[in-house]
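Data first, discussion second: the structure below is written as structure tokens.
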Amino acid sequence: MSLRSPLGRVLGLGSAKEGTGHWWAQRVSAIALIPLTLWFVFSLLALPALNYATVRAWLSYPLSGFLAVLLIAVLTHHSYLGTTEVIEDYVPAAGPKLFSLLFLRFLYVLVGGASIFAVLRVTFGAWAPIP
Amino acid sequence: MPARGRPTSPHWQIYRWQIGNSLSILHRLTGVALALGLIALCYWLVALASGPQSYAAAMRVFAGPLGRLVMVAWTFAFLYHLLNGVRHLFWDIGMGYERTQRHASGWFAVLGAVGLTVCVWASIWASHPS
Chain Y
692 MSLRSPLGRV
702 LGLGSAKEGT
712 GHWWAQRVSA
722 IALIPLTLWF
732 VFSLLALPAL
742 NYATVRAWLS
752 YPLSGFLAVL
762 LIAVLTHHSY
772 LGTTEVIEDY
782 VPAAGPKLFS
792 LLFLRFLYVL
802 VGGASIFAVL
812 RVTFGAWAPI
822 P
Chain C
9 MPARGRPTSP
19 HWQIYRWQIG
29 NSLSILHRLT
39 GVALALGLIA
49 LCYWLVALAS
59 GPQSYAAAMR
69 VFAGPLGRLV
79 MVAWTFAFLY
89 HLLNGVRHLF
99 WDIGMGYERT
109 QRHASGWFAV
119 LGAVGLTVCV
129 WASIWASHPS
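The listed protein sequences correspond, in order, to chains Y and C.
Convert by adding 691 to the 1-based position in the first sequence; the result is the number in this note's numbering.
Convert by adding 8 to the 1-based position in the second sequence; the result is the number in this note's numbering.
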């Protein structure tokens, strides 16, 4: 066990150089989401109807499935970064903050994972297996 | 450390209400609303992958009166968050900081989002009247 104070241990080491990581990730994902979300909204608006057969057929296209998976991955990450920031700003007590952040993390992995798995089921399910 | 009881971030109790902080708060509110929309998107995709019955059930939820109201709200939230997000990206590269530019871009984000929401739902209603 060290007798040095927590402050003494870190003085003079400089920063971890990771302070801007969250900020950068939020901006980069935001830029990626501009084309991805617009593609998704315009694709849905361009479909003749939003019934089961039409939407399945659209999402069965390899390009649609690929872009949808990218969209969900980046959207989930961006949304996780944003809601995490809200929790960090407005939940001052350490216990509830930690609980909320862990809850959010599990929820986002669940929602993102389920969404991507659903898209893959539609995209790959449409192709008949080679006999 | 006497951390309890002190604000941890600049607060709405202290700030004077004006366009700058209003739009900043609206950006967060729309972001949180869109996070809830992500759960709805997940539900829709899982229903689509699960089969025609579950997809029909999901579409009944989204096409119901409450569902449609929430969809319009999400459309506005998405468009505002998009336009105001682009506004933030311009600030990040050091552009648009003048008072008149800030106000003009702010009003552009709000009015643009309202106008585009109307356009989107007018086009949906025009092509699928129901």
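Each residue gets a CB set at the ideal place from its N, CA and C atoms; glycine is no exception.
Query                                                                                                                                                                                    : Result
Counting along the chain, where does the alpha helix (DSSP H) carrying residue 21 of chain C start and finish?                                                                           : That residue, residue 21 of chain C, is in no alpha helix (DSSP H); it is neither H nor E in DSSP.
Evaluate residue 759 of chain Y with the Cβ neighbour count: other Cβ atoms within 10 Å of its Cβ, from every protein chain shown; 16 or more gives buried, anything less gives exposed. : buried
Can you find a CB in chain C that lies within less than 8 Å of the CB of residue 740 of chain Y?                                                                                         : yes
Taking DSSP as the reference, what is the three-state secondary structure of residue 29 of chain C?                                                                                      : helix
Pairs of beta-carbons, one from the segment 37–53 of chain C and one from the segment 763–776 of chain Y, closer than 8 Å: are there three or more?                                      : yes
What first and last residue would you give for the alpha helix (DSSP H) that runs through residue 136 of chain C?                                                                        : First-last for residue 136 of chain C: undefined, no H or E at that position.
Whose C-alpha, out of C/74, C/28 and C/77, is nearest the C-alpha of residue 104 of chain C?                                                                                             : C/28
Pairing CB atoms from the segment 789–797 of chain Y with CB atoms from the segment 714–729 of chain Y, are three or more of them under 8 Å?                                             : no
Here's the rule: buried if 16 or more other CB atoms are within 10 angstroms of the residue's CB, otherwise exposed. What is residue 93 of chain C?                                      : buried
In the structure shown, what three-state DSSP assignment does residue 776 of chain Y receive?                                                                                            : helix
If you measure between the beta carbons of residue 718 of chain Y and residue 97 of chain C, is that distance less than 8 Å?                                                             : yes
So, for residue 762 of chain Y: in the same chain, excluding its five sequence neighbours on each side, which residues have a beta-carbon less than 6 Å away from its beta-carbon?       : 727 and 731
Using CA coordinates, which residue listed in C/80, C/114, C/73 and C/57 is at the minimum distance from residue 815 of chain Y?                                                         : C/57
Against chain Y, which members of the segment 44–57 of chain C pass a CB distance test of less than 7 Å?                                                                                 : 46, 47, 49, 50, 53, 54, 56 and 57
Less than 8 Å between CB atoms is the rule here; does residue 752 of chain Y satisfy it with respect to chain C?                                                                         : no
Between residue 36 of chain C and residue 777 of chain Y, is the Cβ-Cβ spacing less than 8 Å?                                                                                            : yes
Return the first residue and the last residue of the alpha helix (DSSP H) that residue 799 of chain Y is part of.                                                                        : 785–816
To the nearest angstrom, how far is the alpha carbon of residue 695 of chain Y from that of residue 703 of chain Y?                                                                      : 14 Å
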